[in-house]
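Asker:
Chains as they are written, first to last, in this note's numbering: chain A, 3 to 118; chain B, 570 to 685.
Here is the structure:
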């Protein structure tokens with residue numbers, strides 16, 4: 003079946019601009035996660051959705067970052083007033099149930115964001 | 570807080586030889602442990618996980634990992650390496666006790682190069 007998909011695959015923007023990154027989870031998966039992977043590092047947690055609500059947003063670095071999942075499926079990560087330090091690969095993952103710790107998270111291919 | 574250490578940035582092994590990629594972890598409660606592989610310009614692919622039970626876990630593509638509670642380790646192994654195993658490998662942990670249990674914490678990754 004189809005895996006997690008993310009669009010766009012690459013995004014180049016200028017400092018100060020607004021960007022939106024989209025994630026389509028595996029059909030039927032309730033839990034959705036966003037991670038950020040900087041060059042040479044492992045992915046770092048940003049936010050977790052259980053259904054439509056953000057159950058844990060403790061990883062968002064500041065209030066320029068925001069994410070939504072209005073219908074409990076597709077999610078959008080929004081970054082305002084982008085900075086060069088926001089350049090990274092943004093990964094989305096989903097899991098079948100409501101975030102039980104033993105569940106496997108399945109990752110999408112990521113969106114590579116470059117802020118000039 | 571939970572953390573993962575992958576002490577080797579790079580591991581080189583000859584094709585056909587056994588390989589080991591090291592991982593140690595720290596959590597306040599019991600760990601759930603995961604290995605993922607990342608090929609260039611692609612997302613993370615799940616290899617295997619330890620939840621409970623047998624300390625030796627078998628996963629995809631002939632990989633296995635051994636959970637050692639006393640050494641807080643979860644090393645990835647394969648009896649005979651293939652050139653196609655060359656990739657970036659990430660170890661990740663979740664705390665089963667509920668502290669930060671929604672998020673995976675990743676190591677920095679180990680680049681595996683299998684030499685023909």
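For every residue, glycine included, the Cβ atom is placed at its ideal position computed from N, Cα and C.
Beta carbons nearer than 7 Å to chain A: which residues of the region 651-673 of chain B have them?
Answerer: 659, 663, 665, 670, 671, 672, 673
Asker: Would you mind telling me which residues of chain B sit closer than 8 Å to residue 93 of chain A, beta carbon to beta carbon, in chain order?
Answerer: 612, 613
Asker: Give the secondary structure of residue 596 of chain B by DSSP, where H, G and I count as helix, E and B as strand, and everything else as coil.
Answerer: coil
Asker: Going by alpha carbons, who is nearest to residue 11 of chain A out of A:24, A:18, A:20?
Answerer: Ranking A:24, A:18, A:20 by Cα distance to residue 11 of chain A puts A:24 first.
Asker: With a threshold of 8 Å between beta carbons, is residue 106 of chain A in contact with chain B?
Answerer: yes
Asker: Would you say residue 601 of chain B faces chain A, with C-beta separation under 8 Å as the test?
Answerer: yes
Asker: With a threshold of 16 other CB atoms inside 10 Å of the CB of residue 570 of chain B, please say whether the residue is buried or exposed.
Answerer: exposed
Asker: With which residues is residue 55 of chain A paired in a DSSP beta bridge?
Answerer: A:52
Asker: According to the Cβ coordinates, are residue 99 of chain A and residue 33 of chain A closer than 8 Å?
Answerer: yes
Asker: Return the Cβ separation of residue 645 of chain B and residue 634 of chain B in integer angstroms, given the expectation that the two are a contact with Cβ distance under 8 Å.
Answerer: 5 Å
Asker: Put residue 623 of chain B into one of helix, strand or coil per three-state DSSP.
Answerer: The answer is coil: DSSP assigns residue 623 of chain B none of H, G, I, E or B.
Asker: Could you check whether the Cβ of residue 90 of chain A sits closer than 8 Å to any Cβ belonging to chain B?
Answerer: no
Asker: DSSP puts residue 64 of chain A in a beta bridge; with which residues?
Answerer: Answer is none; residue 64 of chain A lacks a bridge partner.
Asker: Please state whether DSSP places residue 114 of chain A in a helix, a strand or coil.
Answerer: strand
Asker: Have a look at B:622, B:673, B:654, B:648 and flag the residue whose alpha-carbon is nearest the alpha-carbon of residue 660 of chain B.
Answerer: For the residues B:622, B:673, B:654, B:648, the minimum Cα distance to residue 660 of chain B belongs to B:673.
Asker: Using a threshold of 8 Å, state whether the C-beta atoms of residue 664 of chain B and residue 573 of chain B are closer than that.
Answerer: no
Asker: In terms of residues, what are the limits of the beta strand (DSSP E) holding residue 34 of chain A?
Answerer: Looking at the DSSP string, the run of the beta strand (DSSP E) that includes residue 34 of chain A is 33-39.
Asker: Below 8 Å, how does it come out for the region 610-622 of chain B and the region 103-114 of chain A: are there three or more Cβ pairs, yes or no?
Answerer: Result yes; three or more Cβ-Cβ pairs closer than 8 Å.
Asker: What does a CB cutoff of less than 6 Å around residue 657 of chain B pick up in its chain, not counting 5 residues either side in sequence?
Answerer: 607, 678, 680
Asker: Can you tell me the Cα-Cα spacing of residue 641 of chain B and residue 594 of chain B, whole angstroms?
Answerer: 6 Å
Asker: Going by DSSP, what residues sit across from residue 603 of chain B in a beta bridge?
Answerer: B:618, B:661
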